[in-house]
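Note sheet for the following structure.
Laid out in structure tokens, this is it:
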């Protein structure tokens, strides 16, 4: 892991002058273990290591930009960074505005987390307060499927929705399984998974502007090479428990 | 008339969201007004404990940004949810933005208005109060017949400004509190429209138009009230009242 | 590094000292510079726009006067947060539009469905650019308030002084800048001090412009964490961090008050007694 970061740093400093193309990567920094602010005050997480490795393989010189989630797509389009690596699921709706690279994380079921022992009928949700992060696939899904009979609270960050769940202000949180699993694990039995898994989204990919075909091709190539040599699955296994790896080819 | 169509459509879209801003202002102004008078009298009190507490309250809330107050009170109320609001069965109300928003606005406007009323109290002509006392009036009678009418007339122009600023401050609520279902205010909706087509000039201008118009209505209504308050004064005469505080908020 | 402290105060204190000085907290402390810088730069811009606005407002040429009045009243009639968000976005788009006139071909501009019309016209905005734009934004908003204060203060300068200057043969412009603006400070200071406090409180909005400021760090540090690998596992601590910010702003207000009191004492020497 250390060597990966060092290598990426070297690429940033050495290659910056002439050879490597400058690319800014936008992330949120509030979505552990995908991306978060590490104890050293820098962005850290699965996607940070992945992004640095991808940039190295693609011969790009990358820097990270932290951006709030709710404006992360507009600011990509406005050109404040060149790529979104922020646990963003590939959806048709987002594809109308931006392009995605091939997925670097396989489709992952979304899950409901609730306070342990809460009595909620998931076959027919009604009168329930559902917390989601705004502008996510889960927010859209909850709005569509449960919006009529339930109250949907949308938060700026996923962490805020979990804070409100822990504090009992919402009954359930609907979010990516890979995000919720360590939280439920680490809650000391206060939170639990319940109800059915929900399959939404086509995996997680890098968000790119529609006309940046060159960068897209480079990232796709790098992702393919990481899939082929197994290093992507390794990285997923390192950061996620249970790991949601790509099937071996 | 082609260019008018998007403007009209925006005016239509933002009509309902503007009601949320109006509601926030309406829900906090009357209560804040009453509290502020109490707080101003408190700061003016001869009892040093009451005077210091009131002055401290006013200082803290005028000395810090509403933006921070909103964040802070939401997270404090949330932390109190499990130990307090849940057992009382109040959490549906206490944590609802439509309640908590006006509550924090009230705390905020109480401080600003109290400072205005306190300034006006200081500016009341000594002679009138002494005359009332010499007349053998009780403290309550003095307040009703001399202090109150003087204070309200002196403070009214500055208080009008405060009400307009309070209305503007409602724009901050949904930047800080969770959004429930489709309950969105002007800023929120304008931001959403902007994220669709990046037309910052159109959407933000129409939102600004709403704020401007409603501000003008407030100025007009409060101006009429001022005329009523000053009906005994000869309009040809220069104003005897002189209290003109410089604080704008 | 902190062993001696731990030895002196016990493990508990040592742990907290270490926690509060980890990189994440240092980044939080360092981010206060954005707030302070935006405040100071914003005040400088605000003073410039305030003087400009007041000068326009007092212009003998009607259209300029209307422009000044329009600026003062429209900006004050709109929430600061709206203008604060609007101006940087609008400025960015305007700059990109100008670049696009040269950088993108006419056909591309006509056919464009996205903004900016071609990639070459894109203007990158990083923290530095946003901080500058935010400061100008704050300056524009509170410049309108300052213009109003300055305009009022100019009216308070005794007529006699201006007439004396005119009698000496000074031009209108010379009277304005040489006499009136020099003399008005003492009357404007109380109002300007108030505008400064408003402006500084508005620096709490920086995170809305993608600046990793104190509010963003307070949220990130206070958010509950359940994963040991990410850092200390703790519940929702946000209110503690917001409380720190709450106190920080009150402290700045207190310091500003002291500063302006001193300034007023100095500026008022020999003038206020007469004006009183």
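Protein chains in written order, with the working numbering: chain P, 443 to 691; chain B, 2 to 250; chain Y, 369 to 644.
Just so you know, even glycine gets a beta-carbon here, dropped at the ideal spot from N, CA and C.
These numbers were taken from a predicted model, which means no experiment stands behind them.
Work out the CA separation of residue j and residue i for me, nearest whole Å.
{"i": "residue 519/P", "j": "residue 650/P", "result": "8 Å"}
{"i": "residue 534/Y", "j": "residue 540/Y", "result": "8 Å"}
{"i": "residue 411/Y", "j": "residue 510/Y", "result": "8 Å"}
{"i": "residue 165/B", "j": "residue 568/Y", "result": "20 Å"}
{"i": "residue 522/P", "j": "residue 53/B", "result": "49 Å"}
{"i": "residue 499/P", "j": "residue 467/Y", "result": "33 Å"}
{"i": "residue 48/B", "j": "residue 41/B", "result": "13 Å"}
{"i": "residue 400/Y", "j": "residue 568/P", "result": "45 Å"}
{"i": "residue 682/P", "j": "residue 620/P", "result": "7 Å"}
{"i": "residue 387/Y", "j": "residue 75/B", "result": "25 Å"}
{"i": "residue 509/P", "j": "residue 77/B", "result": "26 Å"}
{"i": "residue 466/P", "j": "residue 505/P", "result": "5 Å"}
{"i": "residue 631/Y", "j": "residue 559/Y", "result": "13 Å"}
{"i": "residue 171/B", "j": "residue 610/Y", "result": "20 Å"}
{"i": "residue 685/P", "j": "residue 593/Y", "result": "20 Å"}
{"i": "residue 56/B", "j": "residue 44/B", "result": "5 Å"}
{"i": "residue 583/Y", "j": "residue 612/Y", "result": "10 Å"}
{"i": "residue 120/B", "j": "residue 453/Y", "result": "34 Å"}
{"i": "residue 545/Y", "j": "residue 61/B", "result": "38 Å"}
{"i": "residue 158/B", "j": "residue 231/B", "result": "12 Å"}
{"i": "residue 413/Y", "j": "residue 504/Y", "result": "6 Å"}
{"i": "residue 100/B", "j": "residue 28/B", "result": "9 Å"}
{"i": "residue 500/Y", "j": "residue 403/Y", "result": "12 Å"}
Does the beta carbon of residue i fall short of 6 Å from some heavy atom of the ligand HEM?
{"i": "residue 391/Y", "result": "Among the ligands in the structure shown, none appear at all, so the ligand HEM cannot be discussed."}
If you reduce the DSSP assignment to three classes, tell me which class residue i lands in.
{"i": "residue 614/P", "result": "strand"}
{"i": "residue 46/B", "result": "coil"}
{"i": "residue 609/P", "result": "coil"}
{"i": "residue 204/B", "result": "helix"}
{"i": "residue 590/P", "result": "coil"}
{"i": "residue 486/P", "result": "strand"}
{"i": "residue 662/P", "result": "helix"}
{"i": "residue 403/Y", "result": "helix"}
{"i": "residue 148/B", "result": "helix"}
{"i": "residue 234/B", "result": "coil"}
{"i": "residue 142/B", "result": "helix"}
{"i": "residue 679/P", "result": "helix"}
{"i": "residue 448/Y", "result": "helix"}
{"i": "residue 469/P", "result": "strand"}
{"i": "residue 390/Y", "result": "coil"}
{"i": "residue 7/B", "result": "helix"}
{"i": "residue 113/B", "result": "helix"}
{"i": "residue 633/P", "result": "strand"}
{"i": "residue 429/Y", "result": "coil"}
{"i": "residue 597/P", "result": "strand"}
{"i": "residue 578/Y", "result": "coil"}
{"i": "residue 420/Y", "result": "helix"}
{"i": "residue 584/Y", "result": "helix"}
Taking only beta-carbon positions, decide if residue i is within less than 7 Å of chain D.
{"i": "residue 498/Y", "result": "As a matter of chain content, chain D is missing from the structure shown, whose protein chains are P, B and Y."}
Given a limit of 9 Å on CB to CB distance, which residues of the region 467-494 of chain P reach chain Y?
471, 472, 474, 475, 478, 479, 480, 481, 482, 483, 484, 486, 487
Counting Cβ pairs, one atom from each stretch, are 3 or more of them under 8 Å apart for the region 199-207 of chain B and the region 7-15 of chain B?
yes
Residue ranges of each alpha helix (DSSP H) run of no fewer than 4 residues wholly in the region 464-517 of chain Y, ordered along the chain?
474-479
Interfacial residues, the region 197-214 of chain B to chain P, with Cβ spacing under 9 Å:
197, 199
Only counting runs of 4 or more residues, tell me where the alpha helix (DSSP H) segments fall wholly within the region 491-576 of chain P, in order along the chain.
514-519, 534-537
Determine contact between the region 627-638 of chain P and the region 102-121 of chain B, defined as no fewer than three beta-carbon pairs at a distance below 8 Å.
no
Under 8 Å, with one C-beta from each stretch per pair, do the region 636-643 of chain P and the region 569-589 of chain P reach the 3-pair mark?
yes
Stretch pair the region 595-604 of chain Y + the region 547-564 of chain Y: three plus CB contacts closer than 8 Å:
no
What residue ranges within the region 160-189 of chain B form continuous alpha helix (DSSP H) runs of no fewer than 4 residues, ordered along the chain?
174-177
Sufficient close CB pairs (3 or more, under 8 Å) joining the region 518-532 of chain Y to the region 487-501 of chain Y
no
Mind the definition here: the region 530-537 of chain P touches the region 654-662 of chain P only if three or more C-beta pairs lie below 8 Å; say whether that holds.
no
May I ask you to list, following chain order, the residues of the region 602-619 of chain P that have a beta carbon less than 9 Å from some beta carbon of chain B?
602, 603, 605, 606, 608, 609, 610, 611, 612
Could you name the residues of the region 566-582 of chain P whose beta carbon sits closer than 9 Å to any beta carbon of chain B, in the order they occur along the chain?
571, 573, 576, 577
Check whether the region 88-98 of chain B and the region 125-133 of chain B are in contact - that is, three or more C-beta pairs closer than 8 Å.
no
What residues from the region 530-542 of chain P come within 8 Å of chain B, judged by C-beta to C-beta, listed N to C?
none
Mind checking the region 214-234 of chain B against chain Y and listing, in chain order, the residues whose C-beta falls within less than 7 Å of any C-beta there?
216
Which residues, taken in chain order from the region 173-192 of chain B, show a beta carbon closer than 7 Å to some beta carbon of chain P?
179, 180, 181, 182
Cβ-based contacts, 8 Å cut-off: residues of the region 72-95 of chain B near chain Y
72, 73, 76, 77, 79, 80
Can you give me, in chain order, the residues of the region 547-580 of chain Y that have a beta carbon less than 7 Å from any beta carbon in chain P?
578, 580
Using a beta-carbon distance cut-off of less than 9 Å, what residues from the region 492-524 of chain P approach chain B?
512, 513, 515, 516, 519, 520
Cβ contact check for the region 474-482 of chain P and the region 661-672 of chain P: 3 or more pairs under 8 Å
no
Short-range partners of chain P found in the region 593-607 of chain Y, where Cβ spacing is below 9 Å:
593, 594, 595, 596, 597, 598, 599, 600, 601, 603, 604, 606
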